Amino acid sequence: MTNIDHEIKVNWSEEDDCFIAISEHYDTVIGVGDTKDEAKEVYLELLNEHLKAQQEGRLIKRPGRPAKNNIKLSCNIPENIKTFIDSEASKRGLNQADIIIEAIQLYQSYTNNQKNIETFAQDIIKVFKNYEIKNISI
Amino acid sequence: MPAPLEEHKFKQLVNSKNYNIRALTKHYEIVDSENNQLMTFAISHKKGGKREIKQIYVKKFLELTKEVTDND
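Here the protein sequences come in this chain order: A and B. The numbers in the working numbering rise by one with no breaks, and the one at position 25 of the first sequence is 25. The numbers in the working numbering rise by one with no breaks, and the one at position 47 of the second sequence is 47.
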């Protein structure tokens, strides 16, 4: 049996009508059982099979956690904001992420200085216009 | 939220996404065409009851297959 060096959480699931054993370390390993002990036992048995497959080099490669400072963000934004971001990115030869990061940085500097959102919005527009002018002058 | 599935229905779902179920010593694993393991799971069955796959496994399988497909 595997020596466990991580915490296993065992909780009752109303939906599945059984105990479920999971850990943060192995998200594809899930134990189920009618008792806490059974769920944990199944977890350990499945973990053994997972580790065996890992040793044999036959685990399916998954995307994994992004590299430091590189996050994948997915969100729904209003259409007019999206158009604005696309347009700015296109004008300035940047990608949409650069525009969003710039906006967040500006927002951060304004919230740190306790300035209001209207001033923030006005300055964002100024910054984008400045960039446009710079790009044209180049 | 995916519901618990009877064994044969889960097998159909797995096969429909081009994966296979392989029996292990006590439990099961889901593998791709090259025998690489996606996940493991256990089948629950009470006395006189049907063998079923708990919805947490169904949910995890759907989540993983989406993740792998999105990464292609």
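Note that beta-carbon positions come from the ideal geometry of N, C-alpha and C, so glycine has one too. Being a predicted model, the structure only gives us computed values, none of them experimental.
C-beta neighbour in chain A for residue i, strict 7 Å
i	result
B/Leu-24	yes
B/Thr-40	yes
B/His-45	no
B/Ile-56	yes
B/Asn-36	yes
Range of the contiguous beta strand (DSSP E) that encloses residue i
i	result
B/Ala-23	20-23
A/Ile-22	18-22
A/Lys-9	9-13
B/Ile-30	28-31
Proximity test, Cβ basis, 7 Å: residue i and chain B
i	result
A/Ser-137	Because A/Ser-137 sits at a pLDDT of 31, beneath the cut-off of 50, its placement in the model cannot be relied upon, and the following sentence gives the value as read from the coordinates. No, its Cβ sits nowhere closer than 7 Å to a Cβ of chain B.
A/Cys-49	In the sequence under discussion, the amino acid at residue 49 of chain A is Glu, which differs from the Cys named in the question. With 7 Å as the cut-off, A/Glu-49 counts as an interface residue toward chain B.
A/Thr-28	yes
A/Ile-4	no
A/Glu-132	In this prediction, A/Glu-132 scores a pLDDT of 44, lower than 50, which makes its location untrustworthy; no coordinate-derived value is stated.
Through-space distance from residue j to residue i, alpha-carbon basis
i	j	result
A/Lys-151	A/Leu-59	The structure shown does not extend to residue 151 of chain A, since chain A spans only 1 to 138, so no value can be given for it.
A/Gly-93	B/Glu-67	31 Å
B/Asn-36	A/Ile-85	41 Å
A/Lys-134	A/Lys-91	The predicted position of A/Lys-134 is uncertain, since its pLDDT is 41 and thus under 50; no value can be drawn from it.
B/Val-31	A/Gln-55	15 Å
B/Lys-60	B/Gln-12	16 Å
A/His-25	A/His-6	7 Å
A/Lys-19	A/Asp-27	At residue 19 of chain A the sequence reads Phe, which differs from the Lys that was named. C-alpha separation (whole angstroms): 16 Å.
B/Arg-22	A/Glu-41	20 Å
Test item: CB-CB of residue i and residue j under 7 Å
i	j	result
B/Thr-40	A/Leu-46	yes
A/Ala-53	A/Ala-39	no
B/Ile-56	A/Asp-16	yes
A/Asn-95	A/Ala-103	no
B/Lys-17	B/Thr-65	yes
A/Val-32	B/Ala-42	yes
A/Glu-49	B/Leu-24	yes
B/Glu-6	B/Lys-50	yes
Local conformation of residue i per DSSP, three classes
i	result
B/Ile-43	coil
A/Val-32	strand
A/Asn-80	helix
A/Leu-94	coil
A/Ile-85	helix
B/Glu-63	helix
A/Glu-56	coil
A/Ile-100	helix
B/Glu-34	coil
B/Ile-56	helix
Residue range of the unbroken alpha helix (DSSP H) whose run includes residue i
i	result
B/Lys-11	7-16
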